[in-house]
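Colleague: Please see the structure below; I have some questions.
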Amino acid sequence: AASQWLVTKDDVVGRMEKTALITSSSNRQTHQSNANGSSTYPTISSGDILTQTFYDEYSGLISDGSPFGSSRNNSNDSYLSMTSGVFPYPQELTQTNLTRGMVTGVKTKVLGSTQFLYTVNYYDVEGRIIQSRSQTLDNCSTTATTKYGFASQVLIRNDEINKCGSTTQKILTTTKVSYDDLLRQSA
Numbered sequence: 089a090a091s092q093w094l095v096t097k098d099d100v101v102g103r104m105e106k107t108a109l110i111t112s113s114s115n116r117q118t119h120q121s122n123a124n125g126s127s128t129y130p131t132i133s134s135g136d137i138l139t140q141t142f143y144d145e146y147s148g149l150i151s152d153g154s155p156f157g158s159s160r161n162n163s164n165d166s167y168l169s170m171t172s173g174v175f176p177y178p179q180e181l182t183q184t185n186l187t188r189g190m191v192t193g194v195k196t197k198v199l200g201s202t203q204f205l206y207t208v209n210y211y212d213v214e215g216r217i218i219q220s221r222s223q224t225l226d227n228c229s230t231t232a233t234t235k236y237g238f239a240s241q242v243l244i245r246n247d248e249i250n251k252c253g254s255t256t257q258k259i260l261t262t263t264k265v266s267y268d269d270l271l272r273q274s275a
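Using our numbering, the first residue of the sequence shown is number 89, and each one after it goes up by one.
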């Protein structure tokens, strides 16, 4: 009888790239022997993929079907404004494309369907995630944007949740964190 096997495949530099569920009548010893003898074993079809992680750049993610582009959404930046040049020295929300070694996105299969949901991460020059956008089951999105201070502390976080359907809704929450002179969170 055929069994299902959870498989993890790494990319060429050893980072987890895909997880998949394959069906096979082979036993564990056969799978182990085949895996030991080949870096490409097993073959994973697109229908078997459960998750796929994208690294280094955005083009593979976009060509794979992500609804998000290679640039972050700046439509709510007005909620993130702070006086620059004074404590706690807010940093600009400037996206970088220097993303080598970073997770730029993930696609996750909705179990029991052929649908995938995508998440995309956008970074600043310090390697901090300044925005993460995720697709929802109703093909809308959530967006979390973070503004940092000079010491990489979170100053403001803006969360946007969009609901699609017969009545479109948008929920926007902005959280501001204050710090004292020793960079401790203050009430």
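Just so you know, even glycine gets a beta-carbon here, dropped at the ideal spot from N, CA and C.
In or out: Asn209 buried (at least 16 other Cβ within 10 Å) or exposed?
Modeller: So Asn209 counts as buried.
Colleague: State the CB to CB distance for the pair Thr231 and Gln241, rounded to an integer number of angstroms; the pair is presumed to be in contact (CB under 8 Å).
Modeller: Actually they are not in contact, since the Cβ atoms of Thr231 and Gln241 sit about 21 Å apart, beyond 8 Å.
Colleague: Using the rule of at least 16 other Cβ atoms within 10 Å of the residue's Cβ for burial, across every protein chain shown, is Gln140 buried or exposed?
Modeller: By the 10 Å Cβ count, Gln140 comes out buried.
Colleague: Using 8 Å as the Cβ pair cut-off and three pairs as the minimum, do the stretch 146–161 and the stretch 187–196 touch?
Modeller: Yes: the two stretches touch, three or more of their Cβ pairs being nearer than 8 Å.
Colleague: Please specify which runs of the alpha helix (DSSP H), each continuous and at least 4 residues long, are wholly inside the stretch 106–171, giving them in chain order.
Modeller: DSSP runs (the alpha helix (DSSP H)) wholly in the stretch 106–171: 116–125 and 147–151.
Colleague: How long is the line joining the alpha carbons of Asp99 and Asp268, rounded to whole angstroms?
Modeller: The alpha-carbon atoms of Asp99 and Asp268 are separated by roughly 44 Å.
Colleague: Could you spell out where the beta strand (DSSP E) holding Thr207 opens and where it closes?
Modeller: That run of the beta strand (DSSP E) goes Phe204 to Tyr211.
Colleague: Please state whether DSSP places Val191 in a helix, a strand or coil.
Modeller: Residue state, collapsed to three classes: strand.
Colleague: Using the C-alpha atoms, what's the distance from Arg116 back to Ser134?
Modeller: In a straight line, the C-alpha of Ser134 is about 23 Å away from that of Arg116.
Colleague: Figure out for me which residue from Thr182, Thr224 and Gly173 has the closest Cα to the Cα of Phe44.
Modeller: No information on residue 44 is available, as it lies outside the stretch 89 to 275 that the chain covers here.
Colleague: Under the assumption that Lys235 contacts Met170 (Cβ atoms under 8 Å), give the Cβ distance between them as a whole number of angstroms.
Modeller: Their Cβ separation, rounded to whole angstroms, is 7 Å, which keeps Lys235 and Met170 in contact under 8 Å.
Colleague: Hey, would you say Val265 sits closer than 8 Å to Leu243, going by beta carbons?
Modeller: Yes, Cβ-Cβ distance for Val265 and Leu243 is below 8 Å.
Colleague: Look up Ala232 in the DSSP assignment and give the residues it is bridged to.
Modeller: Answer is Ser220 and Asp247.
Colleague: Let's test the definition: count the other Cβ atoms within 10 Å of the Cβ of Val120 and tell me whether it reaches 16, buried, or not, exposed.
Modeller: The sequence given here has Gln at residue 120, not Val. Answer is exposed; the Cβ neighbour count stays below 16.
Colleague: So, at 6 Å on beta carbons, what are the nonlocal neighbours of Gln92 in its own chain, with the 5 sequence-adjacent residues on each side left out?
Modeller: Contacts found: Leu109 and Thr111.
Colleague: Below 8 Å on the Cβ atoms is my contact criterion, and I expect Arg188 with Asp144 to pass it. Report the Cβ-Cβ distance as a whole number of Å.
Modeller: Yes, they are in contact, since the Cβ atoms of Arg188 and Asp144 sit about 5 Å apart, within 8 Å.
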